[in-house]
Amino acid sequence: CVELQYIKSLLVYATPLSSDSGECSPSSCVVLAKSFVLTCKKQCVKAEKLLKQGPKAYKSMARFPKSAVKVINALSPLIERDIADVSDSLTCVHSSLRPLSLSSGHGKRMTLPLSQWKKLFPYFPKPVYGLGLRAVECERCVVTAEEDADAINLQKTHRLLTHASTSTLLDLVHRKHHYPPALFSPEISTFYLVPLKWTKVWRAYTKSKHHLPPGPIVNGALLCARHKRPVVPTSVGLFLSGASTSLTHFAGSIPGHSITYERT
1 CVELQYIKSL
11 LVYATPLSSD
21 SGECSPSSCV
31 VLAKSFVLTC
41 KKQCVKAEKL
51 LKQGPKAYKS
61 MARFPKSAVK
71 VINALSPLIE
81 RDIADVSDSL
91 TCVHSSLRPL
101 SLSSGHGKRM
111 TLPLSQWKKL
121 FPYFPKPVYG
131 LGLRAVECER
141 CVVTAEEDAD
151 AINLQKTHRL
161 LTHASTSTLL
171 DLVHRKHHYP
181 PALFSPEIST
191 FYLVPLKWTK
201 VWRAYTKSKH
211 HLPPGPIVNG
221 ALLCARHKRP
231 VVPTSVGLFL
241 SGASTSLTHF
251 AGSIPGHSIT
261 YERT
């Protein structure tokens, strides 16, 4: 327990690594996984609580199984707990330091002065970035990420030009105000009623959020289950009829407008 308190006092010097720090000087600090630092501190705090309770608490842990008392689980010593690895979560597929810009939550890191890590080295005798491993971000990962980003942007541009030059659906996608949310119609005399769910999938496809285009329109989503007739939303009916309360019938039409139902 005394050693754990000593480890805790050394980990206090660990600080978060800023996003613009692409390289850590081996002569000044080392790069550690943030999960490693946090789990070490957590276990040291638990060991400190155990130390304050005295030898009676340790004897009670030896007498009762862990599943019997919840307090025992909270005061387990460090050797019985899993500590996050020092550098594995920071290592890329090329066995180098993963770029910080490409790291998600599990790739967060912290820096510790080299003088403090040398004191911790007897407890964690593994090479770390800055002492035994080069603390330089992997260039191959950066190049690969740039190539992937260029490919995605090219796909977005191609898809955008395709929809903009072949149909009016692109303008319809960006139209979000002054119309009922369920309305999906080009500004001509023919109107098409489609399920709102299909419209959302189409918007995601045109914005390159989904790689697969939306499937065929299922007219069953627009039909009444009992009478097998289109269920026209009230807002759409009012818009087409000029604030009239009359709605369309299956084979009918609204005066002044030609309504067509697509079938699949």
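For reference, each letter of the sequence shown is one residue, going 1 to 264 in our numbering.
Glycine included, C-beta positions come from ideal geometry on N, C-alpha and C.
Here the structure is a predicted model, which is why all the values come from computation and not from measurement.
What separation, rounded to the nearest whole angstrom, lies between the Cα atoms of residue i and residue j?
| i | j | result |
| --- | --- | --- |
| Thr157 | Lys207 | 10 Å |
| Val218 | Leu196 | 11 Å |
| Val201 | Gln155 | 18 Å |
| Gln5 | Cys138 | 35 Å |
| Arg140 | Ser9 | 37 Å |
| Ala204 | Leu160 | 12 Å |
| Val2 | Val45 | 11 Å |
| Ser95 | Ile152 | 26 Å |
| Asp88 | Tyr129 | 10 Å |
| Ser104 | Thr162 | 34 Å |
| Leu194 | Lys42 | According to the sequence provided, residue 194 is Val. The question's Leu does not apply to it. Rounded to the nearest angstrom, the two C-alpha atoms are 55 Å apart. |
| Leu97 | Lys126 | 15 Å |
| Glu147 | Ala14 | 34 Å |
| Trp117 | Gln53 | 30 Å |
| His210 | Pro122 | 50 Å |
| His227 | Gly220 | 12 Å |
| Ala135 | Leu212 | 40 Å |
| Val231 | Ala225 | 10 Å |
Measure the CB-CB distance between residue i and residue j and report whether it falls below 7 Å.
| i | j | result |
| --- | --- | --- |
| Leu11 | Val30 | no |
| Ala33 | Leu102 | no |
| Leu17 | Thr111 | yes |
| Phe124 | Val86 | yes |
Over what stretch of residues does the beta strand (DSSP E) that includes residue i continue unbroken?
| i | result |
| --- | --- |
| Arg109 | Arg109 to Pro113 |
| Ala33 | Cys29 to Ala33 |
Keeping to the same chain, check which residues put their C-beta closer than 6 Å to that of residue i; ignore five residues upstream and five downstream.
| i | result |
| --- | --- |
| Trp198 | Pro214 and Ile217 |
| Val142 | Pro99 |
| Leu265 | No information on residue 265 is available, as it lies outside the stretch 1 to 264 that the chain covers here. |
Can you round the beta-carbon distance between residue i and residue j to whole angstroms, since I take them to be within the 8 Å contact cut?
| i | j | result |
| --- | --- | --- |
| Arg109 | Leu90 | 6 Å |
| Ser28 | Leu114 | 6 Å |
Say the cut is 6 Å; is the CB of residue i nearer than that to a heavy atom of the ligand NAD?
| i | result |
| --- | --- |
| Leu222 | The ligand NAD is not among the ligands present in this structure, which contains no ligands whatsoever. |
Output needed for residue i: all residues of its chain with C-beta closer than 7 Å, excluding positions within five of it in sequence on either side, in chain order.
| i | result |
| --- | --- |
| Leu120 | Ile7 and Leu10 |
| Thr245 | Confidence at Thr245 is low in this model, with a pLDDT of 39, below 50, so its placement is unreliable and the value that follows should be read with caution. Excluding sequence neighbours, Thr245 sits near nothing in its chain. |
Can you tell me where the alpha helix (DSSP H) with residue i in it begins and where it stops?
| i | result |
| --- | --- |
| Tyr205 | Leu196 to Thr206 |
| Ser89 | Unbroken run through Ser89: none, as it is neither H nor E. |
| Leu10 | Val2 to Leu11 |
Spatial neighbours of residue i within its chain, please: CB distance less than 8 Å, with the 5 preceding and 5 following residues excluded, ordered by chain position.
| i | result |
| --- | --- |
| Asp150 | none |
| Glu48 | Cys1, Leu4, Gln5 and Lys8 |
| Glu80 | Only weak support exists for where Glu80 lies, its pLDDT of 44 falling under 50; the value from the coordinates is given anyway. Nothing listed; no residue qualifies. |
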